[in-house]
Amino acid sequence: MEIIAIGTTNQAKVAAVRNVFASDRYTLIPTNVPSGVSAQPLSDAETRQGAINRAKRALEKERADIGIGLEGGVMEVGEELWLCNWGALVDRNGIVITAGGARIPLPVEVAEGIRDGRELGDVMAEYTGNRNIRHHEGAIGVFTNGYVDRAGMFGHIVQLLAGQYDFFVKTADSRYDKRV
């Protein structure tokens, strides 16, 4: 049985991993680890690095076979701020696989709150009146009117990670030896 350490205890992110790795082949261990990036990542690069850091730290902390890190952030496109999200899967052989997910623009008033130095979760709590939004639907759920929630958004990323891992690593494809 493989042990997968999830670099968070956030309910939506843990649910995303459980939905993909839900079998008797895996033991899933959610664990709190730091992202090593800003509390509010402000670019694709910073958000991706946070996911990688979480995956590596979870793997080490729990002495797991695989570590998974998921990170949400924002990025600029022209004058707009857009949601961005990244995931990383790291195995104990040093393989690092990453994937990015959905992107949607944020309303001006939400973007202004982030540009004022606040975290998206805090801005969204004020915007919606829901203090626990980051553990449930997230900004993606609010701004897609429930069509996509945070677990679904991160679930897609976990599927991309698992699929790449199965294809490149488990099939021993020699073209893939990505160590970050």
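Heads up, the sequence shown is in full-length UniProt numbering, so the first residue is 1 and it goes up one at a time.
Note that the Cβ used here is the ideal one computed from N, Cα and C, for glycine as well.
Suppose contacts are defined by Cβ-Cβ distances below 9 Å. Is residue i in contact with residue j by that definition?
i	j	result
Q74	L42	Correcting the residue type first, residue 74 is Val in the shown sequence and not Gln. Taking 9 Å as the Cβ cut-off, V74 and L42 qualify as a contacting pair.
A102	I52	no
V158	I95	no
R134	G155	no
I104	F143	yes
Can you say whether residue i is buried or exposed, counting buried as having 16 or more other CB atoms within 10 angstroms of its CB?
i	result
P34	exposed
D149	buried
M1	exposed
residue 216	Within the shown structure, residues of the chain are numbered from 1 to 180, placing residue 216 beyond reach of any answer.
Y147	exposed
A45	exposed
G39	Checking the sequence shown, residue 39 turns out to be Ala, not Gly. It is exposed - the Cβ of A39 has fewer than 16 other Cβ atoms within 10 Å.
F152	Looking at the sequence provided, one finds Gly at residue 152 rather than Phe. That one is buried.
E71	buried
Going along the chain, which residues of its own chain have a beta-carbon closer than 6 Å to the beta-carbon of residue i, five neighbours each way excluded?
i	result
G100	W86
Can you tell me whether residue i sits near the ligand MG, meaning its C-beta is under 8 Å from at least one heavy atom of the ligand?
i	result
E109	What this structure holds is no ligand at all, so the ligand MG is not there to describe.
Can you find the residues in the same chain that come closer than 8 Å, C-beta to C-beta, to residue i, ignoring five residues on each side of it along the sequence?
i	result
R131	A125
For residue i, which residues of its own chain have a beta-carbon under 7 Å away from its beta-carbon, when the five flanking residues on both sides are left out?
i	result
M165	The residue asked about is misnamed: residue 165 is Tyr in this sequence, not Met. Result list for Y165: L89 and I97, in chain order.
V56	The sequence as given places Lys at residue 56; Val does not occur at that position. Cβ neighbours of K56 beyond the five flanking positions: G67 and V90.
**Message:** Threshold first: 4 residues or longer. Then list the alpha helix (DSSP H) segments lying entirely within the region 64-127, N to C.
**Reply:** 108-115
**Message:** I want to know whether the region 54-71 touches the region 15-31 - three or more CB-CB distances under 8 Å.
**Reply:** yes
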